[in-house]
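These protein sequences, in sequence, are chains A and B.
Counting in my numbering, the first sequence runs from 1 upward without gaps.
Counting in my numbering, the second sequence runs from 419 upward without gaps.
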Amino acid sequence: MKFIKPNVPYLEHEDRVLGGVASGIAIELGVPPIAVRAALIVLAVAGGWGFTIYTVMWGWSSYYWYRHSDQTPIAPDFDDGGENQRLLGFGMVIVGLLFAAQEIGIAFVPTLVRAASLLALGSVVAWHRGVFPDTDTSRRRAILRMAIGLLLAVGGAILIVASNLDGRAAISAVAAVLILVTGVAVVLGPWISRAMRQLGDERRARIRSEERADVAAHIHDSVLQTLALIQRQSDDPQAMVSLARRQERDLRDWLFADEAQNPADSSMFRREFTDAAFAVEELHHVPIEVVVVGDCTLDHNDRVYALIGAAKEAMVNASMHSGADTIDVYAEVTDDVIEVFIRDTGRGFDPGAIPDDHRGVTQSIVGRMRRVGGSTIIDTAIDRGTEIALTLPLSPTNGPTVTDTPERAERAMQEEAT
Amino acid sequence: MISVVLVDDHALVRAGVRSEIGDQVDIVGEAADAPTAVEVIVETRPDVVLLDVHMPGGGGPSVINGVVAAGIETKFLALSVSDAAEDVIAVIRAGARGYVTKAISGADLIDSIERIAAGDAVFSPKLAGFVLDAFASAPTEINGELDQLTKREQEVLRLLARGYTYKELARRLEISIKTVETHASAVLRKLQLSSRHELTRWATSRDIV
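Listed below in structure tokens is the structure:
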């Protein structure tokens, strides 16, 4: 993999004790890591330079890339809450140790070393990640990071200045630095904030125009095409209605894309069932009003697929033979049963005298349901419309013996008698 | 003649509805956004308001709230192109007495308006399904007696969802149409008054509240 390699050692993840700085340098120089580590330790004991070198190299390197064993560069990332945060922690500890060692008097650490390490740490904290992150929260975090980094860096700078002066001179030098910084901020502040705002505006405008292009493309691809088709088929009202309905559904799916794109949806009953109804509607040009209450996962449950298949068959029958304007379909999913009702107010038929060419279809509904342990009730009479009720118990323990609730069977029989 | 105000931000829709039902009801006013709608309704005091769900300056619920706050009594029928559960439930909870989609035929719309004007509830199969869904998602032990749909109400809603008209439903259950209407109104009232924890959570989960 090729990427621009900065002129600094990588942090080596594979073989590391702390941040991977030593082994990174070792690989860069072509010497064993142990030699680099020994050198660093010697330098650390002799005046603390080892600490400083390590901190600075670590901070500098982590600007760039980690090298993983698979050679894939990974951008350092504070917000991942993992590796880098821990490395930053190490850096803080090391700088802290430098200062502590000096205070307690274990080792003499030159002021310059301490100041430089503080500066390095500050710059790492401030600049580790992009300055203009996208989201609000990460922008807040970035600002906080900048502030902490600036504080550390300024502290380091003040330490350097103060170490070479004493008393009043040091104070006035610090004051001078602060005044200078304030002055620069006052002069450049508005400009910087304007530049940042412009940057944000530009980005927003770009996103907007991309969205607009997306909408335009979609409208062209689907809506305009459909309108053209509708104009061409103006002598066939049914085809027009069906085209319009398909377009409407398509637009809805697209507008509520979050739901539609949810991968879990495709494995849900509601989605699968309404898709089946739409497929029938598209083929036979009779509007089907689908209402689904409740939902369940399909889990490749063949019985549920069989239920959907039987329902589809019933919808096809209603579309082809009932002569009704619309078909009402209602499905209800509860914990232990799925019920589906396919109803039309069309011409109906005499259940005792189903024509031969329809019997096969009826069998494929009734038979299919029976095979998976469900039941079918056909409630119809000449000129009274048809309602087909499909019931599928969800728990397999109910077994194929369950045919229907007695209540409904009785009611259906009453209905037929009247 | 029943007086009606049309509230919809699309002039095309208003014109379409007007041409379809204008000779059978008295359309006394139109409005294209929520604040205007409240003004027009307060001024004309119609029997029925045909209310769009999505509009600039606040949707259907804000119109209902505005009119109620002004102390005007009128009846709302939501008429929307959207059949998303959250829109429907929100406008019903705000006080609309029914919900039909814009695909409804002129005759059915007239019928619905008359029913609303007479004080009944208008349940499309879709609305019945959404209401069943809203109540079904609550486990029974949390709910008080009042917040629970009775068995009969559930039965009525199920048949409505299956596409039965009030008349067919009455025949099927061997009850009078008046009784069916009473059940439907009771369901609406329960939905509107309900502050049930579960229903609220259901609504929140769909960004309704």
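Glycine residues also receive a C-beta, built at the ideal position from the N, C-alpha and C atoms.
Where the beta strand (DSSP E) containing residue i begins and where it ends
{"i": "V337 (chain A)", "result": "V337 to D344"}
{"i": "Y517 (chain B)", "result": "G516 to T519"}
{"i": "T391 (chain A)", "result": "T386 to P393"}
{"i": "T462 (chain B)", "result": "Here T462 (chain B) belongs to no beta strand (DSSP E); instead the alpha helix (DSSP H) covers A452 to T462."}
{"i": "T376 (chain A)", "result": "S375 to T380"}
{"i": "E469 (chain B)", "result": "Before going on, a small fix: residue 469 (chain B) reads as Leu here, not Glu. It spans V466 to L469 - the beta strand (DSSP E) in which L469 (chain B) sits, taken as one unbroken run."}
Residues near residue i in its chain [Cβ-Cβ closer than 7 Å; skip 5 each side]
{"i": "G130 (chain A)", "result": "Here G130 (chain A) scores only 43 on pLDDT, less than 50, and its place in the model should not be relied on; the value that follows carries that caveat. Taken in chain order, the list of residues that qualify is empty."}
{"i": "I459 (chain B)", "result": "V423, V467, V485, I490 and T492"}
{"i": "A546 (chain B)", "result": "L575, L578 and A579"}
{"i": "T297 (chain A)", "result": "S267 and M268"}
{"i": "M419 (chain B)", "result": "V443 and D444"}
{"i": "V431 (chain B)", "result": "K520"}
{"i": "S395 (chain A)", "result": "D336"}
{"i": "V481 (chain B)", "result": "V425, A452, A455, V456 and L469"}
{"i": "S364 (chain A)", "result": "E313"}
{"i": "I534 (chain B)", "result": "V466, K493, L495, R515, G516 and V540"}
{"i": "W254 (chain A)", "result": "H218"}
{"i": "G513 (chain B)", "result": "I482, V486, F494 and Q610"}
Contact set for residue i: own chain, Cβ-Cβ below 8 Å, skip 5 residues either direction
{"i": "Q247 (chain A)", "result": "S222, V223 and T226"}
{"i": "E438 (chain B)", "result": "G524 and L527"}
{"i": "A429 (chain B)", "result": "A450"}
{"i": "R249 (chain A)", "result": "F278"}
{"i": "G581 (chain B)", "result": "P543"}
Bridge-paired residues (DSSP) for residue i
{"i": "G447 (chain B)", "result": "B:V423"}
{"i": "F553 (chain B)", "result": "In the DSSP output, where bridge partners are listed per residue, F553 (chain B) has none listed."}
{"i": "Y330 (chain A)", "result": "A:V291 and A:F341"}
{"i": "F541 (chain B)", "result": "B:Y517"}
{"i": "S193 (chain A)", "result": "Note: S193 (chain A) sits in no beta bridge, so no partner."}
{"i": "S498 (chain B)", "result": "B:T519"}
Residue of the options minimising C-alpha distance to residue i
{"i": "L283 (chain A)", "options": "A:D336, A:A22, A:A318 and A:I382", "result": "A:A318"}
{"i": "K585 (chain B)", "options": "B:E573, B:E599 and B:A508", "result": "B:E599"}
{"i": "A279 (chain A)", "options": "A:W254, A:V293, A:A311 and A:D295", "result": "A:A311"}
{"i": "K569 (chain B)", "options": "B:F553, B:H472 and B:G581", "result": "B:F553"}
{"i": "G447 (chain B)", "options": "B:P453, B:V425 and B:E438", "result": "B:V425"}
{"i": "F349 (chain A)", "options": "A:S364, A:V21 and A:E387", "result": "A:E387"}
{"i": "V605 (chain B)", "options": "B:I522, B:R590 and B:Q566", "result": "B:Q566"}
{"i": "V304 (chain A)", "options": "A:V95, A:V286, A:R271 and A:I338", "result": "A:I338"}
{"i": "M369 (chain A)", "options": "A:P351, A:D302, A:A276 and A:G352", "result": "A:D302"}
{"i": "D236 (chain A)", "options": "A:I207, A:D253 and A:H285", "result": "A:H285"}
{"i": "E272 (chain A)", "options": "A:R245, A:Q238, A:V241 and A:L307", "result": "A:L307"}
{"i": "R463 (chain B)", "options": "B:G537, B:S421, B:D441 and B:V509", "result": "B:S421"}
{"i": "E461 (chain B)", "options": "B:V471, B:A488, B:H472 and B:G478", "result": "B:A488"}
{"i": "E573 (chain B)", "options": "B:I595, B:H601 and B:F548", "result": "B:H601"}
{"i": "V181 (chain A)", "options": "A:E281, A:M196, A:L151 and A:S209", "result": "A:L151"}
{"i": "V549 (chain B)", "options": "B:S594, B:S498, B:K608 and B:D441", "result": "B:K608"}
{"i": "D538 (chain B)", "options": "B:P479, B:G478, B:K596 and B:A433", "result": "B:K596"}
{"i": "I342 (chain A)", "options": "A:A213, A:M196 and A:S322", "result": "A:S322"}
{"i": "V177 (chain A)", "options": "A:L188, A:L159, A:P393 and A:A38", "result": "A:L159"}
Segment limits, alpha helix (DSSP H) that includes residue i
{"i": "P33 (chain A)", "result": "P33 to V45"}
{"i": "F273 (chain A)", "result": "F269 to H284"}
{"i": "E491 (chain B)", "result": "That residue, E491 (chain B), is in no alpha helix (DSSP H); it is neither H nor E in DSSP."}
{"i": "N301 (chain A)", "result": "No alpha helix (DSSP H) contains N301 (chain A), which DSSP labels as neither H nor E."}
{"i": "Y582 (chain B)", "result": "Element bounds for Y582 (chain B): n/a, residue is neither H nor E."}
{"i": "V509 (chain B)", "result": "A503 to A512"}
{"i": "T568 (chain B)", "result": "Careful: T568 (chain B) lies outside any alpha helix (DSSP H) and carries neither H nor E."}
{"i": "P479 (chain B)", "result": "G478 to A487"}
{"i": "P237 (chain A)", "result": "P237 to L255"}
{"i": "A601 (chain B)", "result": "At residue 601 (chain B) the sequence reads His, which differs from the Ala that was named. Unbroken alpha helix (DSSP H) run through H601 (chain B): I595 to L611."}
{"i": "S322 (chain A)", "result": "No alpha helix (DSSP H) holds S322 (chain A); DSSP gives it neither H nor E."}
Supposed contact pair residue j and residue i - C-beta distance, whole angstroms, cut 8 Å
{"i": "R515 (chain B)", "j": "F494 (chain B)", "result": "6 Å"}
{"i": "M315 (chain A)", "j": "I288 (chain A)", "result": "6 Å"}
{"i": "I230 (chain A)", "j": "L251 (chain A)", "result": "In fact, because the Cβ distance is near 14 Å, the residues do not count as touching under 8 Å."}
{"i": "P474 (chain B)", "j": "V291 (chain A)", "result": "Actually they do not touch by this definition, with Cβ atoms about 30 Å apart."}
{"i": "V42 (chain A)", "j": "G30 (chain A)", "result": "Their Cβ separation, rounded to whole angstroms, is 20 Å, which puts V42 (chain A) and G30 (chain A) out of contact at 8 Å."}
{"i": "G149 (chain A)", "j": "L118 (chain A)", "result": "Contact doesn't hold; Cβ gap of about 11 Å is too wide."}
{"i": "G374 (chain A)", "j": "T391 (chain A)", "result": "6 Å"}
{"i": "D551 (chain B)", "j": "G294 (chain A)", "result": "7 Å"}
{"i": "V518 (chain B)", "j": "P479 (chain B)", "result": "Not really, about 17 Å apart at Cβ, beyond 8 Å."}
Cβ neighbours of residue i in the same chain (closer than 6 Å, five flanking residues each side left out)
{"i": "A324 (chain A)", "result": "D344, T345 and G346"}
{"i": "R384 (chain A)", "result": "G348"}
{"i": "V340 (chain A)", "result": "A311, A331 and L390"}
Residue i: CB within 8 Å of a non-hydrogen atom of the ligand ADP
{"i": "S395 (chain A)", "result": "Inclusion of the ligand ADP in the displayed structure is not the case, the ligand content being empty and no account of it being possible."}
Residues that residue i contacts on chain C, provided the C-beta gap is smaller than 9 Å
{"i": "R343 (chain A)", "result": "Within the model displayed, chain C is absent; protein chains A and B are what it includes."}
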